[in-house]
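If you read the protein sequences in the order shown, they are chains A and B.
Using the numbering used here, you'd call the opening residue of the first sequence number 18 and step up by one each time.
Using the numbering used here, you'd call the opening residue of the second sequence number 2 and step up by one each time.
Where is the CB? At the ideal position from N, CA and C, for every residue including glycine.
Worksheet: the structure to be examined is printed underneath.
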Amino acid sequence: MYILKNSLISIIRNKGRNILIGIIILVISCSATVTLAIRNTANKLVKNYEEAHDIIATISFNRQQLSNNFKGGEDARKENIEAFNNIEAITIDAVKKYGESDYLKDYYYVYATSLNSETLTKATDSFEYEVEDRQTTTSSSTTTEGGGNYGMGRPMQGEGGMHTITNNNTTTVITRSKEIFQSSRNLTGDFELDGYSSYDAMTNFVDGTYQISDGEMITDFSNLECVISSELASLNEISVGDTITLKNDNIEKTYDFTVKGIYKDNSNENDSINMYSPSANQIITGSSVIEKLVEDDSSLVTNVTPSFILKDEGVIEAFSSELKEKGLNEYYAVNTNLDQIESATKSIENVKTFATTFLIITLIIASIVLFVINMINIRERKYEIGVFRTIGVSKFKLTMQFVLEILIVSIICLSIGAVTGAFLSKPVGNSLLKSEIETSKNAEQEISNNFGRGDKMGPMEMNHNGMVNVTEIDSIDAVVDFTVIAQLLGIGIFLSLISSLASMISIQRFSPLTILKERS
Amino acid sequence: MGILKLENVAYRYKDAPKDKYVFKNINYEFEQGKMYAIKGKSGSGKTTLLSLITGLEKCTEGHVFYDGKDLKKMNLDKYRNTEIGIVFQSYNLLPRLTAIENVILSMDVSKVKVTNKKQKALELIKSVGLSEEHCNRRILKLSGGEQQRIAIARSLSYNPKIIIADEPTGNLDKDTEAEILGIFKHLAKDENKCIIIVTHSQNVCNEVDVIYELK
Ligand SMILES: Nc1ncnc2c1ncn2[C@@H]1O[C@H](COP(=O)(O)OP(=O)(O)OP(=O)(O)O)[C@@H](O)[C@H]1O
Ligand SMILES: [Mg+2]
Chain A
18 MYILKNSLIS IIRNKGRNIL IGIIILVISC SATVTLAIRN TANKLVKNYE
68 EAHDIIATIS FNRQQLSNNF KGGEDARKEN IEAFNNIEAI TIDAVKKYGE
118 SDYLKDYYYV YATSLNSETL TKATDSFEYE VEDRQTTTSS STTTEGGGNY
168 GMGRPMQGEG GMHTITNNNT TTVITRSKEI FQSSRNLTGD FELDGYSSYD
218 AMTNFVDGTY QISDGEMITD FSNLECVISS ELASLNEISV GDTITLKNDN
268 IEKTYDFTVK GIYKDNSNEN DSINMYSPSA NQIITGSSVI EKLVEDDSSL
318 VTNVTPSFIL KDEGVIEAFS SELKEKGLNE YYAVNTNLDQ IESATKSIEN
368 VKTFATTFLI ITLIIASIVL FVINMINIRE RKYEIGVFRT IGVSKFKLTM
418 QFVLEILIVS IICLSIGAVT GAFLSKPVGN SLLKSEIETS KNAEQEISNN
468 FGRGDKMGPM EMNHNGMVNV TEIDSIDAVV DFTVIAQLLG IGIFLSLISS
518 LASMISIQRF SPLTILKERS
Chain B
2 MGILKLENVA YRYKDAPKDK YVFKNINYEF EQGKMYAIKG KSGSGKTTLL
52 SLITGLEKCT EGHVFYDGKD LKKMNLDKYR NTEIGIVFQS YNLLPRLTAI
102 ENVILSMDVS KVKVTNKKQK ALELIKSVGL SEEHCNRRIL KLSGGEQQRI
152 AIARSLSYNP KIIIADEPTG NLDKDTEAEI LGIFKHLAKD ENKCIIIVTH
202 SQNVCNEVDV IYELK
């Protein structure tokens with residue numbers, strides 16, 4: 018008990034030194050609280066971001082694998098394309114099968130095809146005149162058709178290689194045609210029809226590349242509803258509520274789509290070359306609509322782009338091998354957006370690193386200053402140590418007393434500093450993490466706007482992507498929590514030990530007699 | 002049998018040359034109930050000898066026995082805070098504390114059983130000729146002689162068997178010196194303590210039972 022009593026007396030009677038030490042510890046604890054709070058907030062922001070942005074796996078060609086098997090040289094071109102066409106395309110059924118996985122939270126896909134239209138004008142800055150060469154003579158008849166090429170890997174005629182020579186009564190038709198052999202995966206209709214399986218699949222709208230400028234997003238994914246680009250709308254003088262007619266030339270069937278909304282493509286604002294954006298002829302609808310079109314015509318060229326929402330980054334490997342087991346061709350690779358997510362949180366991580374570095378530097382400087390103050394005081398303290406030792410206070414108890422002294426000062430100043438820091442951490446943290454907090458806050462509102470829904474989300478539910486469920490971080494005063502207190506306490510103890518190090522070494526090293534003699 | 006026994010004691014400062022001993026081959030025995038004076042020229046090693054007896058330094062050669070036990074095998078902290086009272090040449094009081102606090106501190110450290118430590122400390126301080134007013138002054142606000150008397154009061158506070166004083170009357174006038182010597186004498190005769198005083202003073206030498214001279 019007398020150790021505590023001695024410590025208290027010593028603190029009170031050595032005001033000068035203890036106030037000095039106290040101020041330093043106060044400053045440290047204050048800045049430590051701020052930095053720790055910022056670190057904490059940064060961690061939460063990163064976690065928030067990671068919760069809001071799922072890890073999404075997509076399937077793409079493994080080009081490395083493709084080129085390994087392809088041959089070189091002029092003559093090999095046809096062979097290569099044939100080989101490419103032989104690689105089984107990813108079908109809607111396969112995607113649905115892949116989607117049934119324990120590693121996934123959910124999945125979505127874009128199921129796309131293309132149609133033509135007799136009533137709509139395609140937005141294009143180059144178009145071909147069709148040459149009428151439908152000629153019937155006594156000897157032969159040739160019909161050339163333009164437009165719809167819907168077959169799989171079908172050779173098509175190009176560059177009008179047809180010559181007709183007519184002599185009085187007889188007609189000789191010499192047809193020279195160049196075969197263009199092209200990928201069977203290309204959608205060759207004038208209008209690309211993108212069928213989305215859910216709102217989450219509309220990543221262009223989620224990230225703001227596309228934005229509804231008039232009307233709103235489709236609400237029924239199986240009805241003949243659509244959203245068209247502003248360019249197509251103005252070219253054809255279409256407004257929200259109108260009906261557009263698309264045609265499958267293969268089976269001569271037309272489909273009437275109700276235009277629910279018009280979107281603007283923000284991605285090509287800086288394009289100075291093309292008249293229309295690449296998305297001008299892109300029509301947005303539900304995936305079930307495409308399934309209906311395929312029911313009507315199974316030869317319709319389609320492609321499907323699935324996105325699989327993984328449970329967490331730990332299952333990437335497992336999911337990708339599961340797909341292989343389920344029959345995904347070796348020419349396909351499973352990719353994820355992990356890198357993107359990591360690079361997006363980089364600025365927050367930078368603030369965190371800055372805060373940590375700042376904290377470490379403050380701690381180092383403070384430790385040195387505290388050590389020096391105690392070194393300066395050690396002459397006086399040495400004499401004290403000598404007296405205590407001669408009257409029979411053990412080294413251990415004496416060390417305890419000295420440490421206790423600093424500890425009491427530290428704890429008092431640490432508490433004051435922590436409270437001050439808690440108040441300061443809000444403005445400081447907010448200004449450092451301003452843009453990140455804003456981003457996190459506004460994400461929900463912006464997405465809602467992109468879908469043309471304004472404030473209210475309406476019937477739209479964006480559950481699994483979690484975009485709307487992001488916990489808002491608009492203040493960081495809540496972050497001076499248990500973790501911060503614990504970390505602060507650790508720092509306090511560390512500083513106390515550093516401060517008492519000088520005296521502790523003296524206690525262990527000097528014999529009392531030498532110390533006492535120094536005095537006289 | 003003596004309470005304190007020196008056996009072939011020799012001492013050399015660690016940084017001194019190998020053959021330069023302060024003293025060598027000291028054999029002596031101190032008994033309870035007697036007053037001793039250690040005499041010798043300045044630099045003859047009196048203070049050094051005291052530091053060996055008090056366990057602040059270890060003998061280079063030989064042994065010091067307290068009550069039959071070798072100091073080298075004892076808990077020296079406990080030895081100093083209960084068995085032996087030390088009054089140093091340079092007083093060695095804590096300047097941050099008041100006079101009475103210095104005395105009470107020693108009682109605390111020794112864990113001596115006293116019901117009212119403050120009362121006891123006050124009595125002790127009065128017994129060395131200081132007033133209540135001196136008690137509550139910081140050490141540095143006392144004169145050399147007053148500090149010396151506080152140091153004596155402190156060494157008495159936990160009732161040790163041996164009291165060792167390094168020139169305790171060096172800073173005192175004749176009257177006070179006599180007063181202090183009276184206290185020591187009383188402790189030796191009536192309370193069976195062993196009193197060892199290092200001194201140059203002839204007055205002190207006249208009062209003691211045995212004089213030991215260091216050469
Ligand atoms: N730390 C030390 N290292 C080396 N030699 C020392 C040390 N302390 C003292 N001495 C030497 O040891 C000898 C004895 O010193 P000591 O202090 O015991 O003398 P003393 O008899 O008490 O003298 P005084 O009457 O002046 O107090 C002296 O010659 C001194 O120079
Ligand atoms: Mg001396």
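Checklist entry - Which term fits Tyr-146 of chain A, buried or exposed, when burial requires 16 or more other beta carbons within 10 angstroms of its beta carbon? => result Walking along the first sequence from the start, residue 146 of chain A turns up at place 129. With a pLDDT of 48 at Tyr-146 of chain A, under the threshold of 50, the predicted position of this residue should be treated as unreliable, though the coordinate-derived value follows. Burial call: exposed.
Item to check | Within 8 Å, strictly: CB atoms of Glu-124 of chain B and His-135 of chain B | outcome: Against the second sequence, residue 124 of chain B aligns to sequence position 123. Against the second sequence, residue 135 of chain B aligns to sequence position 134. For Glu-124 of chain B and His-135 of chain B, no; Cβs fall outside 8 Å.
Checklist entry - In the stretch 26-37 of chain A, which residues sit with their C-beta less than 8 Å from some C-beta in chain B, listed in chain order? => result Ile-26, Ser-27, Arg-30, Asn-31
Checklist entry - Do Ala-49 of chain A and Gly-446 of chain A come within 8 Å of each other at the CB atom, strictly closer than that value? => result Position 429 of the first sequence, counting from 1, holds the residue named residue 446 of chain A. Position 32 of the first sequence, counting from 1, holds the residue named residue 49 of chain A. Taking 8 Å as the Cβ cut-off, Gly-446 of chain A and Ala-49 of chain A do not qualify as a contacting pair.
Checklist entry - Across which residues does DSSP place Asn-265 of chain A in a beta bridge pair? => result In the first sequence, counting from the first residue as 1, residue 265 of chain A sits at position 248. Answer is A:Lys-270.
Item to check | Residues whose Cβ lies closer than 6 Å to any heavy atom of ligand 2, in chain order | outcome: B:Lys-47, B:Thr-48, B:Gln-90, B:Asp-167
Checklist entry - With respect to 7 Å, is the separation between the Cβ of Ala-152 of chain B and the closest non-hydrogen atom of ligand 1 below this value? => result Translated into positions along the second sequence, residue 152 of chain B becomes position 151. No, the beta carbon of Ala-152 of chain B sits no closer than 7 Å to any heavy atom of ligand 1.
Item to check | ligand 1 heavy atom lying under 7 Å from the CB of Thr-531 of chain A | outcome: Mapped onto the first sequence, residue 531 of chain A falls at position 514. Yes, the beta carbon of Thr-531 of chain A sits closer than 7 Å to at least one heavy atom of ligand 1.
Checklist entry - What three-state label does DSSP hand Cys-60 of chain B in the structure shown? => result For this step, residue 60 of chain B is matched to residue 59 along the second sequence. Coil.
Next on the checklist: Given the structure, does Tyr-14 of chain B come close to ligand 1, in the sense that its CB is under 7 Å from one of the ligand's heavy atoms?
Outcome noted: To locate residue 14 of chain B, count along the second sequence from 1; it is residue 13. Correct: Tyr-14 of chain B has its Cβ closer than 7 Å to ligand 1.
Item to check | Alpha-carbon spacing of Asn-97 of chain A relative to Cys-243 of chain A, whole angstroms | outcome: As a first step, residue 97 of chain A is located in the first sequence; it is residue number 80 there, counting from the start. As a first step, residue 243 of chain A is located in the first sequence; it is residue number 226 there, counting from the start. Approximately 37 Å, taken between the alpha carbons.
Next on the checklist: Mapping the DSSP letters down to three states, classify Phe-78 of chain A as helix, strand or coil.
Outcome noted: Within the first sequence, numbered from 1, the residue matching residue 78 of chain A stands at position 61. If DSSP states are grouped into helix, strand and coil, Phe-78 of chain A belongs with the strands.
Checklist entry - Buried or exposed: Asn-82 of chain B, going by 16 or more other Cβ atoms within 10 Å of its Cβ? => result Taking the second sequence and counting its residues from 1, one reaches residue 82 of chain B at position 81. Classification for Asn-82 of chain B: buried.
Checklist entry - So is Glu-58 of chain B in contact with chain A if we call contact Cβ pairs under 8 Å? => result Position 57 of the second sequence, counted from the first residue, corresponds to residue 58 of chain B. Yes, Glu-58 of chain B lies at the interface with chain A (some Cβ there is under 8 Å from its Cβ).
Next on the checklist: According to DSSP, is Pro-323 of chain A part of a helix, a strand, or is it coil?
Outcome noted: Sequence index remark: in the first sequence, residue 323 of chain A carries index 306 (1-based). Note: Pro-323 of chain A maps to strand in three-state DSSP.
Checklist entry - Does the Cβ of Gly-41 of chain B lie closer than 7 Å to at least one heavy atom of ligand 1? => result Here residue 41 of chain B refers to the residue found at position 40 when the second sequence is read from its first residue. Yes - ligand 1 has a heavy atom lying nearer than 7 Å to the Cβ of Gly-41 of chain B.
Checklist entry - Can you tell which of A:Tyr-213, A:Phe-208, A:Tyr-280 has the C-alpha that lies nearest to the C-alpha of Ser-230 of chain A? => result Numbered from 1 along the first sequence, position 213 holds the residue referred to as residue 230 of chain A. Residue A:Tyr-280 is the option with its Cα nearest to Ser-230 of chain A.
Checklist entry - How would you label Asn-76 of chain B, buried or exposed, when you count the other beta carbons within 10 angstroms and need 16 or more for buried? => result Here residue 76 of chain B refers to the residue found at position 75 of the second sequence. Classification of Asn-76 of chain B: exposed, given that the 10 Å Cβ count is below 16.
Checklist entry - Would you say the beta carbon of Ser-528 of chain A comes nearer than 7 Å to a heavy atom of ligand 1? => result Against the first sequence, residue 528 of chain A aligns to sequence position 511. No, since every heavy atom of ligand 1 falls outside the 7 Å radius drawn around the Cβ of Ser-528 of chain A.
Item to check | Three-state secondary structure (DSSP) of Ala-106 of chain A | outcome: Here residue 106 of chain A refers to the residue found at position 89 when the first sequence is read from its first residue. Correct three-state label for Ala-106 of chain A: coil.
Checklist entry - When Cβ atoms are compared, which residues of the stretch 119-143 of chain B fall closer than 7 Å to chain A? => result none
Next on the checklist: Checking the sheet assignment: what are the DSSP bridge partners for Val-65 of chain B?
Outcome noted: As a working mapping, residue 65 of chain B is identified with position 64 in the second sequence. BP columns for Val-65 of chain B point to B:Leu-7.
Item to check | Unbroken beta strand (DSSP E) run spanning Met-36 of chain B, endpoints | outcome: The count along the second sequence starts at 1 and reaches residue 36 of chain B at position 35. Per DSSP, Met-36 of chain B belongs to the beta strand (DSSP E) from 36-40.
Next on the checklist: Could you compute how far the alpha carbon of Lys-59 of chain B sits from the alpha carbon of Ser-158 of chain B?
Outcome noted: The count along the second sequence starts at 1 and reaches residue 59 of chain B at position 58. The count along the second sequence starts at 1 and reaches residue 158 of chain B at position 157. When rounded, the distance between both Cα atoms is 26 Å.
Next on the checklist: Is Leu-94 of chain B close to chain A? Criterion is C-beta to C-beta, closer than 8 Å.
Outcome noted: Numbered from its first residue, the second sequence carries residue 94 of chain B at position 93. With 8 Å as the cut-off, Leu-94 of chain B counts as an interface residue toward chain A.
Checklist entry - Taking 7 Å as the cut-off, does the CB of Ala-38 of chain B come closer than this to any heavy atom belonging to ligand 1? => result Here residue 38 of chain B refers to the residue found at position 37 when the second sequence is read from its first residue. No, ligand 1 has no heavy atom inside 7 Å of this Cβ.
Checklist entry - For the alpha helix (DSSP H) that contains Tyr-66 of chain A, what are its first and last residues? => result Counting from one through the first sequence, the residue named residue 66 of chain A turns up at place 49. Element bounds for Tyr-66 of chain A: 32-69.
Next on the checklist: Check this for me: beta carbons of Tyr-37 of chain B and Ile-196 of chain B, under 8 Å apart or not?
Outcome noted: Within the second sequence, residue 37 of chain B is the residue found at index 36, counting from 1. Within the second sequence, residue 196 of chain B is the residue found at index 195, counting from 1. A contact, by the Cβ cut-off of 8 Å.
Checklist entry - Is the beta carbon of Ile-76 of chain A sitting closer than 8 Å to the one on Val-351 of chain A? => result On the first sequence, residue 76 of chain A is found 59 positions in, with the first residue counted as 1. On the first sequence, residue 351 of chain A is found 334 positions in, with the first residue counted as 1. Yes.
Checklist entry - Which residue comes first and which comes last in the beta strand (DSSP E) that contains Leu-132 of chain A? => result Taking the first sequence and counting its residues from 1, one reaches residue 132 of chain A at position 115. Counting along the chain, the beta strand (DSSP E) containing Leu-132 of chain A begins and ends at 121-132.
Checklist entry - What do you get for Leu-141 of chain B, buried or exposed, if any count of 16 or more other CB atoms within 10 angstroms of its CB means buried? => result Position 140 of the second sequence holds residue 141 of chain B. Burial call: exposed.
Next on the checklist: Using a Cβ-Cβ distance cut-off of 8 Å, determine whether Asn-82 of chain B contacts chain A.
Outcome noted: Here residue 82 of chain B is taken as the residue at index 81 of the second sequence, counted from 1. Chain A, which has a Cβ nearer than 8 Å to the Cβ of Asn-82 of chain B, makes this yes.
Item to check | Same chain, Cβ closer than 7 Å to Gly-475 of chain A, neighbours up to 5 away in sequence not counted | outcome: Here residue 475 of chain A is taken as the residue at index 458 of the first sequence, counted from 1. At Gly-475 of chain A, the pLDDT of 38 sits below 50, so the modelled position is not reliable and the matter cannot be decided from this model.
Checklist entry - Is it the case that the Cβ atoms of Gly-469 of chain A and Leu-43 of chain A are separated by a distance below 8 Å? => result Counting from one through the first sequence, the residue named residue 469 of chain A turns up at place 452. Counting from one through the first sequence, the residue named residue 43 of chain A turns up at place 26. No, the Cβ-Cβ distance between Gly-469 of chain A and Leu-43 of chain A is not below 8 Å.
Checklist entry - Which same chain residues, not among the five before or five after Pro-18 of chain B, have their C-beta less than 6 Å away from its C-beta? => result Sequence index remark: in the second sequence, residue 18 of chain B carries index 17 (1-based). Around Pro-18 of chain B: no qualifying Cβ.
Checklist entry - Cβ-heavy atom distance between Val-23 of chain B and ligand 4 below 7 Å? => result No copy of ligand 4 appears in this structure; the ligands present are ligand 1 and ligand 2.
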